[in-house]
Amino acid sequence: MVAHDIIAANAAERERAWVAAASVADPEIPVLSVADLGVLRSVEIDDNGAVEATITPTYSGCPAMNMIAVEIEVALEKAGFKSPKVTTVLSPAWTTDWMTEEGKAKLKAYGIAPPEKKAGRRALFGEEHVTCPHCGSIDTVVISEFGSTACKSLWRCKACAEPFDYFKCI
Amino acid sequence: MTDTPLFHYTLRLADNALVLGHRLSEWVGHAAVIEEDLAFGNMGLDLIGQARALYTYAGEVEGKGRDEDALAYLRDANDYRNILLVEQPNGDFAVTMVRQLLYAAFAYPYFEALTRSKDATLAAIAAKAAKEMAYHLRHSAEWVIRMGDGTDESHARAQGALEDLWPYVGEMFEVDRIERALIEAGVAVDPTSVRGTWDKTIDDVLAEATLTRPQDGYMQSGGRVGRHSEHLGYILAELQFLQRAYPGATW
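Chains as they are written, first to last, in this note's numbering: chain A, 2 to 171; chain B, 9 to 259.
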């Protein structure tokens, strides 16, 4: 093969590895893939063909991280990559800004209000207006600042009276 | 590298997070309402997550092959380096929330400053921790305001908690020789640099809560060099039981 063919082949392999790793669903919000969530940061293949996927936790104590790492390894092995490695990095720190638009749409369809705006100090200190994922009303109120997972809080819609999860902005 | 100031410094940060995280975990299954049960579980998880990252790094810095588990489970109380505030008993809901407020109001600006550390690993851990502590600060501040500005009973309990815990706040702002060198090297944060922010946060919350800030008097100290209250031993007896009874057990 001439050089540009090798480069093209490598790029295709890398793309294939990315697709395999990105197929893994978040164990706690199975409607989202780890790529939608922004947890999967990169997938690289070195000159010897070794694959390394890099992930970053949503929260320091997110208990799903170990499971995500194992599932990415399994997905890469199934796709034919030998001895894949998954590395966790902390920097730059994960932010809800990394969630894809597709991911946000999936969350909403699943009944979870997606993070609404750019993360920042105001979001952290509660200047939030959250839209009900069921009826679209903004007449909503927080029930509990902590929900079933570290990344969510519990809200209620005063218009349709349904409770819902909100993916917190950080 | 070995028994360096950086190791001790990282260990102090880790021990604060683990011990407070453990204290919050003691509430799980016991809180009066499900929302607060979840809150304590989640906040505890944040802190234990911070501790894991910090212990892992401390072990690497030390270079003696100790991992996060070895540092958490296989050290006795006098080797722990946390401040005394975080090991104080949970008491009632007011005590736990006031303790959380006093710590989070410090940890949030402290970790924000630590994101500018010349140590890339500490800066990365701090970037996540700062966001988490901001949320803890918001949550605990709201509860302290609700209790202070609530019934006579909740006001009295919140004021009592504040007075009981106040002698432990001074230790957060201490700087010793171990830290001085790291501060000058741009690795550690000088805790006195966030004192103004902490004072303002606390004063604002207490004013809204109609609570009275206690007078600064004698301040307890010693946790950061391994002199602890009796409470830490009981925490470790529970936290370390499994590894003490079944050394090396994994699953």
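Glycine included, every Cβ here is placed at the ideal spot set by N, Cα and C.
The structure displayed is predicted, hence computed values, not measured ones.
With burial defined as no fewer than 16 other Cβ atoms inside 10 Å of the residue's Cβ, what is the status of residue i: buried or exposed?
{"i": "A/K159", "result": "exposed"}
{"i": "B/T258", "result": "exposed"}
{"i": "A/K169", "result": "buried"}
{"i": "B/D23", "result": "buried"}
{"i": "B/G96", "result": "Note that residue 96 of chain B is Gln in the sequence shown, not Gly. It is buried - the Cβ of B/Q96 has at least 16 other Cβ atoms within 10 Å."}
{"i": "B/R31", "result": "buried"}
{"i": "B/R107", "result": "buried"}
{"i": "B/F249", "result": "exposed"}
{"i": "A/T97", "result": "buried"}
{"i": "A/G104", "result": "buried"}
Go through its chain and collect everything with a Cβ distance to residue i's Cβ below 8 angstroms, but skip five positions before and after it.
{"i": "B/E182", "result": "P199, S229 and R232"}
{"i": "B/L79", "result": "L19, A22, Y63, A66 and G67"}
With a threshold of 9 angstroms between beta carbons, is residue i in contact with chain A?
{"i": "B/M9", "result": "At B/M9 the pLDDT is 45, less than 50, meaning the model places this residue with poor confidence; the figure from the coordinates comes in the next sentence. Not an interface residue."}
{"i": "B/R146", "result": "yes"}
{"i": "B/D77", "result": "no"}
{"i": "B/I153", "result": "no"}
{"i": "B/K72", "result": "no"}
{"i": "B/L92", "result": "no"}
{"i": "B/K136", "result": "yes"}
{"i": "B/N50", "result": "yes"}
{"i": "B/H16", "result": "no"}
{"i": "B/R107", "result": "no"}
Please check if any C-beta of chain B sits within less than 9 angstroms of the C-beta of residue i.
{"i": "A/F165", "result": "no"}
{"i": "A/A51", "result": "no"}
{"i": "A/G39", "result": "no"}
{"i": "A/L33", "result": "no"}
{"i": "A/C158", "result": "no"}
{"i": "A/V87", "result": "no"}
{"i": "A/G104", "result": "no"}
{"i": "A/E146", "result": "yes"}
Can you list, in chain order, the residues of its chain with a C-beta nearer than 6 angstroms to that of residue i? Leave out the 5 residues immediately preceding and following it.
{"i": "B/L19", "result": "A66 and R89"}
{"i": "B/I131", "result": "Here residue 131 of chain B turns out to be Ala, not Ile, going by the sequence shown. Once the five neighbours on either side are set aside, the close Cβ partners of B/A131 are T123 and S125."}
{"i": "A/G148", "result": "S154, L155 and D166"}
{"i": "B/E216", "result": "I153"}
{"i": "B/G194", "result": "K126"}
{"i": "A/W95", "result": "T57 and T59"}
{"i": "B/W206", "result": "A113 and F114"}
Starting from residue i, trace the beta strand (DSSP E) in both directions and tell me its first and last residue.
{"i": "A/E146", "result": "Run containing A/E146: none; DSSP gives neither H nor E here."}
{"i": "A/R166", "result": "Contrary to the premise, residue 166 of chain A reads as Asp rather than Arg in this sequence. It spans P164 to F168 - the beta strand (DSSP E) in which A/D166 sits, taken as one unbroken run."}
{"i": "A/A54", "result": "V52 to I56"}
{"i": "A/I73", "result": "Segment M66 to K79 is the alpha helix (DSSP H) holding A/I73; no beta strand (DSSP E) there."}
{"i": "A/L41", "result": "L41 to I46"}
{"i": "A/V87", "result": "K86 to T89"}
{"i": "A/W156", "result": "K153 to C158"}
With a threshold of 7 angstroms on Cβ separation, who are the neighbours of residue i within its own chain once the five nearest residues in sequence on each side are excluded?
{"i": "A/L91", "result": "T57"}
Kindly indicate the opening and closing residues of the alpha helix (DSSP H) around residue i.
{"i": "B/Y242", "result": "H239 to L247"}
{"i": "A/T96", "result": "Premise fails: A/T96 is in no alpha helix (DSSP H) and is neither H nor E."}
Using a Cβ cut-off of 9 angstroms (strictly closer), state whether residue i contacts chain E.
{"i": "A/K83", "result": "Here chain E cannot be found, since the structure's protein chains are A and B."}
Runs of alpha helix (DSSP H) wholly within the segment 17-47 of chain B (minimum 4 residues, chain order):
none
Length-filtered (4 minimum) alpha helix (DSSP H) runs lying within the segment 88-167 of chain B
92-95, 101-122 and 128-156
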